[in-house]
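Asker: To start, I am sharing the structure in question, which I have written as structure tokens.
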Amino acid sequence: MNSLIRITWESNLPIYEISQSELQKKGIQCLLIDIDGTLVSRKSTKIANAVKKWISESKKYFSLYLISNNPSKKRIAKIAKELKLKYKYNASKPRKNVTLSAIKEVGFESKNIAIIGDRIFTDIIVGNRCNIKTILVKRLNRDGFPIKFNLTLKIEKLISFFIK
Ligand SMILES: [Mg+2]
């Protein structure tokens with residue numbers, strides 16, 4: 001498979017159902033987390049209780065860092081503040097610069113870092129370009145539930161099939 005679209009773990013789960021012990025078994029100590037679609041719906045800043053709980057539990061085991069492509073500092077800062085996490089906004093994934101600066105800042109070895117996101121062409125590709133692990137999760141709707149039909153992902157997978 002093309003190494004740029006390699007997914008270390010295609011979970012088929014929303015982020016809050018990802019098991020912390022499974023992540024530890026994969027050697028992960030640090031998580032770079034996408035925001036829109038992964039932690040909240042793109043149309044809302046409301047963070048579901050399940051997400052809040054997962055984040056606070058994950059803080060016990062991992063170093064967490066939010067990395068969003070969203071250009072609105074206001075939106076991203078609000079979410080990061082509520083979760084009490086460091087963040088980067090306007091990250092231009094799959095470009096490497098911003099993600100690499102976060103990787104440098106956290107100070108873990110690449111093999112112990114994973115990026116979690118809901119998109120192949122941004123989150124997964126930037127993870128591979130930065131040589132870290134990649135985890136694909138289900139996109140969340142406004143109510144914090146995984147969406148049933150993800151057209152973006154279907155299209156990304158179709159294109160991925162042809163660039164393999
Ligand atoms: Mg996203």
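With the first letter of the sequence shown counted as 1, position 123 gets the number 123 in this note's numbering; the numbers rise by one all the way through. The C-beta atom is built at its ideal place from N, Cα and C for all residues, glycine as well.
Pairs of beta-carbons, one from the stretch 59-67 and one from the stretch 134-151, closer than 8 angstroms: are there three or more?
Answerer: The answer is no - the stretch 134-151 does not touch the stretch 59-67, with fewer than three Cβ pairs under 8 angstroms.
Asker: Roughly how many angstroms lie between the CA atoms of Asp-34 and Ser-92, to the nearest whole one?
Answerer: Rounded to whole angstroms, Asp-34 to Ser-92 spans 12 angstroms at the Cα level.
Asker: To which residues of the same chain is Trp-54 closer than 7 angstroms at the C-beta, ignoring the five residues directly before and after it?
Answerer: These residues qualify, in order along the chain: Ile-15, Tyr-16.
Asker: Rounded C-beta distance between Ile-113 and Leu-39? I'm assuming under 8 angstroms.
Answerer: Incorrect: roughly 18 angstroms between the Cβ atoms, too far for contact.
Asker: Quick check: is any heavy atom of ligand 1 less than 7 angstroms from the C-beta of Arg-119?
Answerer: Yes - ligand 1 has a heavy atom lying nearer than 7 angstroms to the Cβ of Arg-119.
Asker: Whole angstroms is fine: what's the gap from Asp-36's alpha carbon to Asn-70's?
Answerer: Spanning the two alpha carbons is a distance of roughly 8 angstroms.
Asker: Which whole-angstrom value is the C-beta distance of Ile-7 and Val-137, which I expect to be below 8 angstroms?
Answerer: Wrong, their Cβ atoms sit about 11 angstroms apart, outside the cutoff.
Asker: For Glu-156, which option in Ile-132, Asp-118, Asn-141, Lys-133 has the closest C-alpha, if you only look at C-alpha atoms?
Answerer: With distances taken between Cα atoms, Glu-156 lies closest to Asp-118.
Asker: Can you tell me where the beta strand (DSSP E) holding Gly-117 begins and where it ends?
Answerer: Taken as a continuous stretch (DSSP letters only), the beta strand (DSSP E) holding Gly-117 covers 113-117.
Asker: Find out if the Cβ-Cβ distance for the pair Phe-108, Gln-29 is shorter than 8 angstroms.
Answerer: Cβ distance < 8 angstroms, so Phe-108 and Gln-29 count as in contact.
Asker: Taking 7 angstroms as the cut-off, is the beta-carbon of Asp-36 closer than that to any non-hydrogen atom of ligand 1?
Answerer: True, at least one ligand heavy atom lies under 7 angstroms from that Cβ.
Asker: In the stretch 2-88, which residue ranges form an unbroken alpha helix (DSSP H) of at least 4 residues, counting only runs that do not cross its ends?
Answerer: With a minimum length of 4 residues, the continuous alpha helix (DSSP H) runs that stay inside the stretch 2-88 are 20-25, 49-58, 73-83.
Asker: Pro-146 bridges to which residues according to DSSP?
Answerer: Leu-140.
Asker: What distance in whole Å lies between the Cβ atoms of Ile-79 and Ile-47, which are believed to be in contact at a cut-off of 8 angstroms?
Answerer: Rounded, the Cβ-Cβ distance is 7 angstroms, consistent with contact.
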